[in-house]
Amino acid sequence: MERRTFLKTVAAGLGASMIGTEAIAQTSPGSRSAKKVIVAGAGITGLCCAYELMQHGIDVTVLEASGRYGGHVYTGRDGLSDGLFADYGADHLTRPGYEQFFRYVDAFGLKAVPYPNAEGSPLPANGGQMTMIGGKFYNEKMLADPATQRALGFNDREIAFLARHPWYELPDLFLADHLVRFRDAHQPFGNGLDDLDAIDLDTLYARQGASQRARDYLGGQHVNALYGVWRFAVMRDRGIPLSEGETFHLEGGNEEMPKAFAARLGARVKLAHPITAIEHDATGVTVSYTAYGREEPQTMRADYLVNCISLPVFRRIPVTPALSPAKQYIVDNLTYSSHPFFVFEAETKFWLDDGFPTLAMSFEHPDISQIWVVPETARSSRVVLKAFGPAGASPQRVLAAFRELYPGKRDTIVQALTWDWSKDPFAPTCEMEPFAPGTLKQFWPEIMKPDGRLYFAGTYADALSRGMESCVRSAARVAQEIADA
Amino acid sequence: MQFKVLASSAVVLASSLTAALLRAAPPAPGPQVDITSPADHSRLAWQAQGSYAVTVAYDGKSTRFDEIPSSDVLLAATFVPDTAAPAARRGTPLAQALIDVTQSNCMGCHDFNASAGGPSFAAIGTRYAGQAGAGATLAAHIRNGSRGAWGSDSMPPHPDLSAASAAAIATWILAHGADPAVRYYAGKSGSFRMIAPSKPGPRAGLVLNAYYTGPLKGGGTREAAGRNVVVVTGS
């Protein structure tokens with residue numbers, strides 16, 4: 001999901017972490033809980049959940065189908081020079097907004113590196129952002145000019161607002177009176193806005209007097225309006241600005257976090273052990289799985305199972321008895337985003353020769369919508385760029401579109417790469433898409449609930465989905481719930 | 486000693502000849518497709534999930550060693566009112582549109598009956614049912630990509646599919662995507678559901694057909710050998 005289309009937010013006050021009390025598991029027999037838990041999936045959610053369970057003294061085993069852990073958090077090095085790398089999945093962290101994640105960063109001695117303009121996030125004033133509208137590039141100064149705004153189709157009220165606010169704060173103009181009505185981050189209903197469940201956010205913007213230009217900028221078609229407004233309310237509650245805050249990535253790549261969890265879990269993580277069946281009853285869970293290259297199934301019994309596999313992959317595993325109809329609805333109907341990053345390696349910062357302070361551009365081309373610069377990831381005069389393009393497109397097609405649109409004289413790009421998540425059998429999806437109009441009641445709060453002894457964690461299983469932070473929040477929440485059970 | 490060496494050489498020669506003969510043997514015309522699970526004539530409760538596993542061998546390659554990718558396997562689960570009727574076991578050829586669907590990257594984002602990165606074929610079939618020009622609209626979305634029809638994510642273009650293939654896929658989705666009597670499952674293993682389109686009788690069940698959808702050698706046929714049809718009776 002792109003930022004411009006739908007700003008992200010985060011849930012409040014979940015999952016008291018055990019982190020900081022014990023960075024490395026040191027469970028003694030006396031303090032061990034008798035509970036045994038199987039975690040399904042060794043993406044960042046599964047690893048974090050297992051780590052938290054381990055910190056609670058619970059016997060935990062992680063079964064991962066793939067031969068690598070990390071799932072959609074993947075740092076790639078192949079094809080790049082000088083030791084440069086790029087994250088092909090989870091791209092960045094924000095501050096504020098990643099409080100739980102940063103606790104792990106600090107506890108594991110990792111380092112967050114500033115990463116401005118990540119995925120096209122707003123740069124500070126005069127940062128050099130270029131935006132294509134109607135086939136023409138606009139810089140920030142042009143976009144701040146009321147005459148330009150009027151020519152683009154903003155109305156008087158919007159132009160007056162934009163004289164005092166950046167564009168990304170436009171939701172406040174239309175939704176401020178709605179946001180103040182939410183009192184509890186976990187309760188979207190009962191605030192006098194329940195009828196918004198039936199319409200989409202774009203319709204609400206129109207109802208609130210937004211011009212077509214503002215609606216085009218804000219997006220929100222097919223996004224449940226109640227869900228959208230609720231997200232903004234929680235975002236405000238958490239002190240996360242509409243700019244999304246400052247953006248960072250981890251030194252060494254974002255996969256450093258899964259690696260840090262996995263290092264502490266050790267042999268508890270079983271790679272290439274796909275789960276083939278789950279049976280559950282009132283007293284526990286029996287999981288069938290196979291070990292790498294072996295066909296004979298094995299079984300493991302535990303008190304609980306935490307599913308940390310994305311739901312389109314999870315539903316390939318038969319569950320006996322079948323999930324409740326309410327939970328099955330979620331498993332069958334949650335929609336995910338899945339978009340590739342296109343990674344270019346350039347010999348130089350060629351845009352400087354063309355007078356651009358940075359390469360931060362958005363486009364309207366079907367083969368490329370955004371390009372930005374990744375901070376130096378290795379000692380090199382070369383530089384890595386990332387771009388958004390459509391899934392399934394070849395990197396060369398996306399590069400050709402960039403070359404068609406780039407307003408400078410020439411580029412020095414020598415490599416174009418991507419990672420096609422749609423072909424990944426184990427981690428094909430990224431975050432959940434916003435709920436569709438008319439469906440929030442079916443999803444919330446059921447999406448957070450366990451089904452008997454089966455618990456659910458993942459970016460979707462949190463009050464609000466927002467990247468890796470919602471993964472670790474949901475993981476810590478479930479670990480706490482099991483510890484308390 | 487010399488005799489032994491000669492004898493060994495003869496064995497080696499014979500082995501080489503056998504291997505050469507084996508290599509020279511004409512390839513089987515079609516794939517070997519076996520449903521290894523569930524067992525034929527097994528029973529499973531309605532609404533329950535069962536697990537399935539399929540092996541495919543073709544042209545010296547096997548799904549067992551990932552020489553044939555899992556995405557080249559498709560399972561159809563068709564409701565039949567009487568699993569004992571001989572007609573229930575009759576294998577049906579797979580529509581070319583479904584072969585194209587599995588050979589392009591459609592299944593990376595779509596599933597037949599549930600949401601994933603994109604809407605299910607059932608949801609698409611339901612939304613566009615009965616609309617004039619829906620086939621052409623969907624075919625254009627498939628070929629050229631689309632944005633905003635279902636959410637903020639975009640559907641990529643598919644220049645790998647011909648206009649005729651895209652049209653056939655669109656037609657299939659409109660005609661069969663929301664068919665309550667047949668569910669399709671992509672991949673060599675996974676789960677299937679005992680779902681009936683209406684209240685099932687005591688002899689009703691599902692017939693599972695497994696298919697190889699990968700590329701064929703010249704002159705090859707999709708007609709498969711092996712246990713590629715099994716019947717599961719509901720309970």
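Those sequence lines, one after another, are chains A and B. Going by the numbering used here, 267 is the number at position 267 of the first sequence; the sequence numbering is gapless. The numbering used here runs 485 ahead of the 1-based position in the second sequence. The C-beta atom is built at its ideal place from N, Cα and C for all residues, glycine as well.
- The residues E255, P258, in chain order, have a CB closer than 6 Å to that of G70 (chain A) in the same chain once the five nearest residues on each side in sequence are set aside.
- In this structure, DSSP gives M679 (chain B) a state outside helix and strand, which the three-state scheme calls coil.
- Residue A:C308 holds the alpha-carbon nearest to the alpha-carbon of F426 (chain A) among A:H186, A:C308, A:I133.
- Taking 8 Å as the upper bound for CB-CB distance, G89 (chain A) and Y74 (chain A) are in contact here, some 4 Å apart.
- Of the candidates B:G636, B:E552, B:H626, B:H626 places its Cα closest to the Cα of H643 (chain B).
- When Cβ-Cβ separations below 8 Å define contact, Y138 (chain A) makes no contact with chain B.
- Residue pairing from DSSP places G70 (chain A) in a beta bridge opposite A:G43.
- Spanning the alpha carbons of A582 (chain B) and R410 (chain A) requires a straight line of approximately 44 Å.
- When Cβ pairs closer than 8 Å are counted between the two stretches, the region 125 to 134 of chain A is seen not to touch the region 280 to 291 of chain A, the count staying below three.
- Linking R315 (chain A) to P166 (chain A) through their CA atoms gives a straight-line distance of about 43 Å.
- Using a Cβ-Cβ cut-off of 8 Å, Q532 (chain B) is close to A322 of chain A, given in chain order.
- Judged by beta-carbon spacing, G630 (chain B) lies within the 8 Å limit of P390 (chain A), meaning their Cβ atoms are closer than that value.
- V180 (chain A) is classed as exposed because its beta carbon has fewer than 16 other beta carbons within 10 Å across all chains shown.
- Residue environment: H526 (chain B) is assigned as exposed (fewer than 16 neighbouring CB atoms within 10 Å of its CB, all protein chains considered).
- At a C-beta separation below 8 Å, D585 (chain B) has no neighbours in chain A, since its nearest C-beta there lies roughly 15 Å away.
- DSSP places T656 (chain B) in the uninterrupted alpha helix (DSSP H) bounded by 648 to 661.
- The C-beta of Q149 (chain A) has 16 or more other C-beta atoms within 10 Å across all chains shown, which makes the residue buried.
- Using beta-carbon distances, G610 (chain B) does not count as an interface residue toward chain A, since no partner is under 8 Å.
- Contact note: G219 (chain A) reaches chain B through S637, using a C-beta cutoff of 7 Å and chain order.
- Residue pairing by DSSP places Y88 (chain A) opposite no residue, since no beta bridge is assigned to it.
- Those residues of the region 383 to 394 of chain A placed with their C-beta closer than 9 Å to a C-beta in chain B are G389, P390, A391, G392, A393, ordered along the chain.
- Per DSSP, G535 (chain B) is not a residue of any alpha helix (DSSP H); the beta strand (DSSP E) it occupies stretches across 534 to 543.
- Residue burial is scored here from C-beta neighbours: F550 (chain B) has fewer than 16 other C-beta atoms within 10 angstroms and is therefore classed as exposed.
- Within the region 337 to 350 of chain A, those residues whose Cβ lies closer than 8 Å to any Cβ of chain B are, in chain order, S337, S338, H339.
- For A461 (chain A), the CB contacts under 7 Å within the same chain, skipping 5 residues up- and downstream, are I447, M448, S474 in chain order.
- Judged by DSSP in its simplified three-state form, F189 (chain A) adopts coil rather than helix or strand.
- Contact with chain B is found for T276 (chain A), since one of that chain's Cβ atoms lies less than 8 Å from the residue's Cβ.
- Here DSSP, grouped into helix, strand and coil, assigns H626 (chain B) to helix.
- Chain A places no beta carbon closer than 8 Å to that of S650 (chain B), leaving this residue out of the contacts.
- Within the model, the alpha-carbon separation for Q588 (chain B) versus S605 (chain B) is close to 17 Å.
- Using a 10 angstroms sphere on the CB of Q212 (chain A), the tally of other CB atoms stays under 16, which defines it as exposed.
- Contact with chain B is found for V319 (chain A), since one of that chain's Cβ atoms lies less than 8 Å from the residue's Cβ.
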